[in-house]
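Structure, as structure tokens:
Chains as they are written, first to last, in the working numbering: chain D, 133 to 380; chain H, 73 to 193.
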């Protein structure tokens with residue numbers, strides 16, 4: 133019936149972009165999602181009567197601005213930073229463990245991953261993450277791990293202890309904020325690995341000498357990443373508790 | 073309450089004044105339209121709600137849900153009202169601004185006059 137067709141066409145023209153609605157529904161908090169979407173739909177309906185295309189453009193502008201505002205708000209919220217401080221170090225710990233296991237258990241790496249082998253000789257162990265050979269049989273190498281002895285390294289242990297003790301000492305200062313803790317802590321986590329890169333590239337070592345130097349960087353990273361994450365987490369918690377006490 | 077929270081930002085003041093002008097019909101879309109028509113501030117709805125959320129946490133405004141309507145895709149309105157604490161903060165902000173503006177008004181008029189004499193540049 134022509135009348136039915138007219139109604140359908142009109143309905144399609146007056147519908148706000150569904151993807152924009154989905155995006156907002158995903159980004160906004162349950163507390164405000166109905167109010168914001170309702171307001172946008174209400175104003176969109178008014179604008180559509182004059183110019184439906186302009187109304188859609190307006191709806192997208194509003195969606196993009198609102199999304200950016202709430203994304204920025206989420207990124208700046210203490211709970212997001214606390215979650216990021218747990219999830220990211222945990223993911224990096226798992227990746228570092230997998231890399232060390234792969235480098236320790238993989239046989240004939242020079243034949244198996246010749247491209248990566250050349251890169252490894254320059255100390256760039258992290259480039260394994262961009263090599264297909266690393267991801268291809270990673271599960272098999274992890275399954276071969278039957279002890280944790282390959283993770284023991286005395287030099288790394290001393291460096292890790294020094295890092296943690298230094299951070300605990302710095303934490304006693306009242307001016308040591310969570311941001312300073314994160315900057316100091318994570319810099320100290322990557323510092324041995326950066327040192328290994330510079331040390332290897334500024335000297336001429338034979339292949340068998342390079343392994344232990346890379347090991348210091350990677351194993352120290354593995355030892356320190358989670359304790360540093362915990363120290364930053366504790367510092368953030370103290371700051372949040374302090375702020376809520378001030379408000380009271 | 074921390075000292076920092078006693079002060080209101082410019083947009084916070086504008087939003088609260090819009091709420092007071094709208095009275096019982098103060099919700100996001102109306103606030104947005106009022107700011108656009110009265111002071112030519114075409115802001116995103118998210119900016120208004122982000123400000124209202126912050127003001128609600130500070131205790132400057134309170135909100136309540138209205139009924140859902142078909143025009144809004146079956147979604148309810150959230151109506152906002154300025155609290156007594158909010159009104160006091162607004163009065164404080166106005167008084168502070170009035171004090172600071174006292175001597176500057178004269179200088180501005182003087183400068184504007186000077187600009188007009190020089191052919192508007």
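The beta-carbon is built from N, C-alpha and C at its ideal position, and this holds for glycine as well. The structure displayed is predicted, hence computed values, not measured ones.
Straight-line Cα distance separating residue 250/D from residue 322/D: 22 Å
Of the residues 269/D, 146/D, 271/D, 203/D, the one placed nearest residue 119/H, counting alpha carbons only: 203/D
Under 9 Å between C-beta atoms of residue 154/H and residue 132/H: yes
Within 9 Å of chain D by C-beta, residues of the region 121-136 of chain H in sequence order: 121, 122, 124, 125, 135
Given residue 152/H as reference, the closest of 82/H, 80/H, 98/H once Cα atoms are compared: 98/H
Unbroken alpha helix (DSSP H) run spanning residue 180/D, endpoints: 162-182
Element boundaries [beta strand (DSSP E), containing residue 148/H]: 147-154
Check whether residue 296/D and residue 344/D have beta carbons under 9 Å apart: no
Sheet register partners of residue 137/H (DSSP bridge): 150/H
Residue 188/D and residue 162/D closer than 9 Å at C-beta: no
Chain H contact for residue 200/D (CB, 9 Å cutoff): yes
Contacting positions in the region 159-179 of chain D - beta carbon closer than 7 Å to chain B: The chain inventory of the structure shown lacks chain B, comprising the protein chains D and H.
Segment limits, alpha helix (DSSP H) that includes residue 126/H: 117-130
Rounded distance between the beta-carbons of residue 80/H and residue 165/H, thought under 8 Å: 5 Å
Proximity of residue 299/D and residue 271/D at Cβ, strictly below 9 Å: no
Residue 170/D versus residue 148/H: straight-line alpha-carbon distance, rounded: 7 Å
Straight-line gap, residue 349/D to residue 207/D (C-alpha atoms, nearest Å): 30 Å
Cβ distance (whole Å) where residue 103/H is taken to contact residue 168/D below 8 Å: That pair is no contact at about 12 Å.
Beta-carbon gap between residue 231/D and residue 260/D smaller than 9 Å: yes
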